[in-house]
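Asks: Residue numbers (my numbering), protein chains in the order written: chain A, 363 to 476; chain B, 81 to 191.
Glycine included, C-beta positions come from ideal geometry on N, C-alpha and C.
Please read these numbers as outputs of a predicted model, since none were measured by experiment.
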Amino acid sequence: GDSVTQMEGPVTLSEEAFLTINCTYTATGYPSLFWYVQYPGEGLQLLLKATKADDKGSNKGFEATYRKETTSFHLEKGSVQVSDSAVYFCALSDRGGSARQLTFGSGTQLTVLP
Amino acid sequence: NAGVTQTPKFRILKIGQSMTLQCAQDMNHNYMYWYRQDPGMGLKLIYYSVGAGITDKGEVPNGYNVSRSTTEDFPLRLELAAPSQTSVYFCASSALGPEQFFGPGTRLTVL
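Given below as structure tokens:
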């Protein structure tokens, strides 16, 4: 079945540091890939997405490129802020599924210190 | 638009009690989902629905039931609550595309 493996956390960075959170996936078809963010006490919000190989998703300074050859979708940001502190989830949606089901990674807790 | 709303926000149950978690969406989405999130884990799919009157099991359906009588509402029923059902429950919805929109969650504790 489909699976998503994320870099284990927690990750602690100083403000303005560079961020990378690794994500690799296993899927039988050609999935769409997502990064969701969960701020404390809130539900998940879509951060960015990519629907086909070599697509780059970007939002709020975050980027991730869909790499089919390495089955990866690593999240990057050049300069993190305290407000980026949250849990980040990598997820995939296999287009073969009839209900658009999402398979999630276990999440990576990011803390940014001032 | 309110998006996806969930009630209650918090609940404490005793072992063996029952309750219904409410979920509603005002985006006219056909697809709706229930997930549970355990500490340090990703979300696991409990049940989903592709439209009014149609529901199906996800990865972890045992101990839960759902119904979908309208497009807007997708309640999750817990019968005979057990400590293993202590979790945060998220409802989500989606339209034709794969992107899902999540509610704020219900934190349930079973003692």
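Which residue from B:Ile95, B:Asn81, B:Met99, B:Glu139 puts its Cα closest to that of Thr186 of chain B?
Replies: Closest by alpha carbon: B:Met99.
Asks: Per DSSP, Ala412 of chain A forms a beta bridge with which residues?
Replies: Paired residues: A:Leu395.
Asks: Tell me which residues share the same chain as Gln387 of chain A and place their Cβ nearer than 6 angstroms to its Cβ, disregarding the 5 neighbours each side in the sequence.
Replies: A quick correction: the sequence has Tyr, not Gln, at residue 387 of chain A. Contacts found: Val366, Thr433, Leu454.
Asks: Might you give, ordered along the chain, the residues of its own chain that have their beta carbon closer than 7 angstroms to the beta carbon of Gln102 of chain B, omitting 5 neighbours on each side?
Replies: Here the set comprises Gln86, Thr87, Pro155.
Asks: Compare the beta carbon distance of Ala175 of chain B and Asn81 of chain B with 8 angstroms and say whether it is the shorter of the two.
Replies: Not in contact: Ala175 of chain B and Asn81 of chain B (Cβ atoms no closer than 8 angstroms).
Asks: Buried or exposed: which applies to Leu406 of chain A, given that a residue is buried once 16 or more other Cβ atoms fall within 10 Å of its Cβ?
Replies: So Leu406 of chain A ends up on the buried side.
Asks: Is the beta carbon of Gln400 of chain A closer than 8 angstroms to that of Phe451 of chain A?
Replies: In this structure, Gln400 of chain A lies closer than 8 angstroms to Phe451 of chain A by Cβ.
Asks: Run down chain B in chain order and give the residues with a C-beta less than 8 angstroms from the C-beta of Leu437 of chain A.
Replies: Residues of chain B passing the Cβ test: none, with the nearest at roughly 15 angstroms.
Asks: From the beta carbon of Leu101 of chain B, is the nearest beta carbon of chain A less than 8 angstroms away?
Replies: No, Leu101 of chain B lies away from the interface with chain A (no Cβ there is under 8 angstroms from its Cβ).
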